[in-house]
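Asks: I'd like to ask you about the structure that follows.
Number of protein chains: 2
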Amino acid sequence: MTRLSFNHATAKFWDQGEVIEACAREGIGIGLWREPVAEYGIDRTIAKLKETGVPVTTLCRGGFFTTGGRESIEDNRRAIDEARALGTKVLVLVSGGLPEGSRDIDGARAKVADALAELAPYAGDAGVTLAIEPLHPMFASDRCVVSTLDQALDLAAPFPAAQVGAAVDTYHIWWDPNLYAAIARAGTEGRIATFQVADWTTPLPAGVLTGRGQLGTGCVEMRRIKAAVDAAGYDGPIEVELFNDELWARPGREVFAETVAAYEEHVG
Amino acid sequence: MTRLSFNHATAKFWDQGEVIEACAREGIGIGLWREPVAEYGIDRTIAKLKETGVPVTTLCRGGFFTTGGRESIEDNRRAIDEARALGTKVLVLVSGGLPEGSRDIDGARAKVADALAELAPYAGDAGVTLAIEPLHPMFASDRCVVSTLDQALDLAAPFPAAQVGAAVDTYHIWWDPNLYAAIARAGTEGRIATFQVADWTTPLPAGVLTGRGQLGTGCVEMRRIKAAVDAAGYDGPIEVELFNDELWARPGREVFAETVAAYEEHVG
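In order, the protein sequences belong to chains A and B.
The opening position of the first sequence corresponds to residue 1 in this note's numbering, with each subsequent residue numbered one higher.
The opening position of the second sequence corresponds to residue 1 in this note's numbering, with each subsequent residue numbered one higher.
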């Protein structure tokens, strides 16, 4: 049985219903996003998942605690409800960056810890694990003040592993001198909630958000990192999540087929 | 006495002789680059420095060990000779990224360690400290496989501090969850060879090389980091080094004056 899951963001502009059908034909899972779920309709999404039998490996995404105030807590409760309704055990969290004009990165990180304390029990009751995703340090100011896997694990530490874990995404952490120790630690602590893969390519595009490379096109040691994640005891789905303008400009079914093939060649 | 030093790269296209004169008028030091030194003429540069009394706080830069082979060792010996001739005690090293087509980041890091072992005694004999500069992880694949201050300190550890130290540059390490512990460690180990400042602003430009912000325009906690570097026992020059297309497009003397004022307001 393949562990591959296709994250909808990889073919962002492809109709969600068609992506689910493609995943069903391929016999793989899917990573969903809240906005397309809402657009397609959550009940309709649930019906489509039931009809096709496609498992939802993660829901993306909650978080943005640092800039959202009280409203972000309420919104994250709704995200947890949606994750449960969609039948996934994992809600991916991107913490948020610095508030406009702020330089207080420690303060922002403290807000993330506070938000987790509010949300963790609620997530646990829903059977959903909050997966703190460290984002590459190039996003530290504007998207995510959590920059390393160790930091995510430190934030998760006060909570049961069923409530709070970490997202291991090759794109964001491949460069970390402490990577393999951190992956082993994540395994020991039972915190690997999801494993996502994307390759690192340069030059980065302006804004750096949409430069994630197709598997095999960059410098990430995919098999080595996968072996480390396996050795850490994680045997769950492996999601391909690529934010890439060039992929997004192409037909979804073509990108889907290419991604499945690239996964088999470079990861699976 | 001001600790400010103006790195020539901040006004990259301004004639080196004019930059030295501006530094003399302001009573500050200068950070030089090998290429403009060669273009201006090293003997002529030395004469100009003598005439004006401007101290050279660093020479930028050696390194690129990962992609340069034997030739890079020879080139770095020449860089050490140039540093001594210019009267600076610090040669800044950017390690280099991954060789074309390579995914072996551990191998590249090992090459950096090997190159340091060859060069450190030669640098020590010349009275020059090799300052390993961790670059922001967004440069890990194409410019520098050394991404954190701790990693630079680990690489420096086998050598006397007079031979190998680290460059502390706010732009590259401000995001590090372990920043303040690493700065304290660098001080304890006597390894702070130079302190450089630049601000972090977004959105990053394509290629991400030329987006360093003028002091005060971004989110780096300048005074806090400076206080930590001071507390770690470093009392040497503070260099402003900005790679910024917008600054480079403006007249050098205007950028110089703006930079001196920004330093006084946000750092000094």
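Note that the Cβ used here is the ideal one computed from N, Cα and C, for glycine as well.
If contact is defined by three or more beta carbon pairs under 8 Å, each pair taking one atom from either stretch, is the region 172 to 179 of chain B in contact with the region 182 to 193 of chain A?
Replies: no
Asks: Are residue 206(B) and residue 203(A) close, meaning C-beta to C-beta below 8 Å?
Replies: Position 206 of the second sequence holds residue 206(B). Position 203 of the first sequence holds residue 203(A). Cβ atoms of residue 206(B) and residue 203(A): closer than 8 Å.
Asks: In chain order, what residues of the same chain have a beta carbon less than 6 Å from the beta carbon of residue 12(A), not counting five sequence neighbours either side?
Replies: Position 12 of the first sequence holds residue 12(A). Cβ contact annotation for residue 12(A) (same chain, cutoff 6 Å, sequence separation greater than five): 248, in chain order.
Asks: Between the region 35 to 44 of chain A and the region 6 to 21 of chain B, do three or more beta carbon pairs fall short of 8 Å?
Replies: Counting Cβ pairs under 8 Å, fewer than three are found: no touch.
Asks: Across which residues does DSSP place residue 196(B) in a beta bridge pair?
Replies: Counting from one through the second sequence, the residue named residue 196(B) turns up at place 196. Its beta-bridge partners are 169(B) and 239(B).
Asks: From residue 78(A) to residue 154(B), what distance separates their C-alpha atoms?
Replies: Taking the first sequence and counting its residues from 1, the one referred to as residue 78(A) is at position 78. Taking the second sequence and counting its residues from 1, the one referred to as residue 154(B) is at position 154. In a straight line, the C-alpha of residue 78(A) is about 45 Å away from that of residue 154(B).
Asks: Spatial neighbours of residue 266(A) within its chain, please: C-beta separation below 6 Å, excluding the five flanking residues on both sides.
Replies: Working through the first sequence from its first residue, we reach residue 266(A) at position 266. Taken in chain order, the residues that qualify are 215, 216 and 222.
Asks: Is the CB-CB distance between residue 86(B) and residue 59(B) below 8 Å?
Replies: For the purposes of this step, residue 86(B) is taken as the residue at position 86 of the second sequence. For the purposes of this step, residue 59(B) is taken as the residue at position 59 of the second sequence. In this structure, residue 59(B) lies closer than 8 Å to residue 86(B) by Cβ.
Asks: Since residue 147(A) meets chain B, which of its residues come closer than 9 Å, beta carbon to beta carbon?
Replies: For this step, residue 147(A) is matched to residue 147 along the first sequence. Here the neighbours are 137, 175, 176 and 177.
Asks: Report the option in 118(B), 119(B) and 98(B) whose CA atom is closest to the CA atom of residue 109(B).
Replies: For the purposes of this step, residue 109(B) is taken as residue 109 along the second sequence, with counting starting at 1. Comparing Cα positions, the closest option is 98(B).
Asks: Do residue 146(A) and residue 135(A) count as a contact pair if the criterion is CB distance below 8 Å?
Replies: Position 135 of the first sequence, counting from 1, holds the residue named residue 135(A). Position 146 of the first sequence, counting from 1, holds the residue named residue 146(A). Their beta carbons are under 8 Å apart, which means residue 135(A) touches residue 146(A) by this criterion.
Asks: Can you check whether the C-beta of residue 141(A) is within less than 8 Å of a C-beta belonging to chain B?
Replies: Residue mapping note: residue 141(A) aligns to position 141 of the first sequence, counting from 1. It does: the Cβ of residue 141(A) has a partner Cβ on chain B nearer than 8 Å.
Asks: Does the Cβ-Cβ distance between residue 228(A) and residue 183(A) come in under 8 Å?
Replies: Here residue 228(A) refers to the residue found at position 228 of the first sequence. Here residue 183(A) refers to the residue found at position 183 of the first sequence. Against a cut-off of 8 Å, the Cβ pair of residue 183(A) and residue 228(A) comes out as a contact.
Asks: For a quick check, are the C-beta atoms of residue 88(B) and residue 56(B) less than 8 Å apart?
Replies: What you label residue 88(B) is simply residue 88 of the second sequence in a count that begins at 1. What you label residue 56(B) is simply residue 56 of the second sequence in a count that begins at 1. Taking 8 Å as the Cβ cut-off, residue 88(B) and residue 56(B) qualify as a contacting pair.
Asks: Taking 7 Å as the cut-off, is the beta-carbon of residue 87(A) closer than that to any non-hydrogen atom of the ligand MN?
Replies: As for the ligand MN, it is missing from this structure, which has no ligand bound.
Asks: Please identify the residue among 240(B), 232(B), 195(B) and 230(B) whose C-alpha is closest to the C-alpha of residue 264(B).
Replies: Along the second sequence, read from residue 1 onward, the residue named residue 264(B) stands at position 264. Considering only alpha carbons, the answer is 240(B).
Asks: If I follow the unbroken beta strand (DSSP E) through residue 60(B), where does it start and stop?
Replies: Taking the first residue of the second sequence as 1, we reach residue 60(B) at position 60. Residues 56 to 63.
Asks: Relative to the C-alpha of residue 51(A), which candidate in 17(A), 233(A), 256(A) and 250(A) has its C-alpha closest?
Replies: Numbered from its first residue, the first sequence carries residue 51(A) at position 51. Among 17(A), 233(A), 256(A) and 250(A), the Cα nearest to that of residue 51(A) is on 17(A).
Asks: Among residues of its own chain, excluding the 5 on either side of residue 212(B), which ones have a beta-carbon nearer than 6 Å to its beta-carbon?
Replies: Here residue 212(B) is taken as the residue at index 212 of the second sequence, counted from 1. Only 171, 198, 242, 243 and 244 meet the Cβ criterion.
Asks: If you count every other CB in all the chains shown that lies within 10 Å of the CB of residue 44(B), and 16 or more means buried, which is it?
Replies: To locate residue 44(B), count along the second sequence from 1; it is residue 44. Exposed, because fewer than 16 other Cβ atoms sit within 10 Å of the Cβ of residue 44(B).
Asks: Closer than 8 Å between beta carbons: that is the criterion. Which residues of the region 58 to 72 of chain B meet it against chain A?
Replies: none
Asks: Using a Cβ cut-off of 8 Å (strictly closer), state whether residue 189(B) contacts chain A.
Replies: Position 189 of the second sequence holds residue 189(B). With a threshold of 8 Å between beta carbons, residue 189(B) makes no contact with chain A.
Asks: How long is the line joining the alpha carbons of residue 36(B) and residue 15(B), rounded to whole angstroms?
Replies: Stepping through the second sequence from its first residue, residue 36(B) is reached at position 36. Stepping through the second sequence from its first residue, residue 15(B) is reached at position 15. About 8 Å.
Asks: Beta carbon of residue 61(B), beta carbon of residue 128(B): below 8 Å?
Replies: Locating residue 61(B) in the second sequence gives position 61, counting from the first residue. Locating residue 128(B) in the second sequence gives position 128, counting from the first residue. No; because the gap between Cβ atoms is not below 8 Å, this pair is not in contact.
Asks: What three-state label does DSSP hand residue 212(A) in the structure shown?
Replies: Stepping through the first sequence from its first residue, residue 212(A) is reached at position 212. Strand, per DSSP.
Asks: Quick check: residue 232(B) and residue 192(B), are their CB atoms within less than 8 Å of each other?
Replies: As a position in the second sequence, residue 232(B) is number 232, starting the count at 1. As a position in the second sequence, residue 192(B) is number 192, starting the count at 1. Going by C-beta atoms, residue 232(B) is nearer than 8 Å to residue 192(B).
Asks: In whole angstroms, what is the alpha-carbon distance linking residue 218(A) and residue 104(B)?
Replies: The count along the first sequence starts at 1 and reaches residue 218(A) at position 218. The count along the second sequence starts at 1 and reaches residue 104(B) at position 104. Each residue's alpha carbon lies about 12 Å from the other.
Asks: Please tell me whether residue 351(A) has its Cβ less than 8 Å away from any Cβ of chain B.
Replies: The first residue shown for chain A is 1 and the last is 268, placing residue 351(A) beyond what the model contains.
Asks: Name the chain A residues whose beta carbon is nearer than 9 Å to that of residue 33(B)?
Replies: The count along the second sequence starts at 1 and reaches residue 33(B) at position 33. In chain order: nothing, as chain A lies at least about 22 Å away.
Asks: Quick check on residue 206(A) - is its C-beta less than 8 Å from some C-beta in chain B?
Replies: Taking the first sequence and counting its residues from 1, one reaches residue 206(A) at position 206. Closer than 8 Å: yes.
Asks: Can you pull the chain A residues whose beta carbon is under 7 Å from the beta carbon of residue 203(B), in chain order?
Replies: Numbered from 1 along the second sequence, position 203 holds the residue referred to as residue 203(B). By Cβ distance, chain A contributes 206 and 207.
Asks: Span of the alpha helix (DSSP H) holding residue 19(B)?
Replies: What you label residue 19(B) is simply residue 19 of the second sequence in a count that begins at 1. That run of the alpha helix (DSSP H) goes 16 to 26.
Asks: Determine whether the beta carbon atoms of residue 34(A) and residue 71(A) lie at a separation below 8 Å.
Replies: Looking up residue 34(A) in the first sequence gives position 34. Looking up residue 71(A) in the first sequence gives position 71. Result no, Cβ atoms of residue 34(A) and residue 71(A) do not sit closer than 8 Å.
Asks: How should residue 47(A) be labelled, buried or exposed, when 16 other C-beta atoms within 10 angstroms of its C-beta is the threshold for buried?
Replies: Within the first sequence, numbered from 1, the residue matching residue 47(A) stands at position 47. By the neighbour-count rule (16 or more Cβ atoms within 10 Å), residue 47(A) is not buried but exposed.
Asks: Does chain B have any CB closer than 8 Å to the CB of residue 247(A)?
Replies: Position 247 of the first sequence, counted from the start, is the residue given in the question as residue 247(A). No, residue 247(A) lies away from the interface with chain B (no Cβ there is under 8 Å from its Cβ).
Asks: Show which residues of chain B have a CB atom less than 7 Å away from the CB atom of residue 98(A).
Replies: Locating residue 98(A) in the first sequence gives position 98, counting from the first residue. What residue 98(A) touches in chain B: 219.
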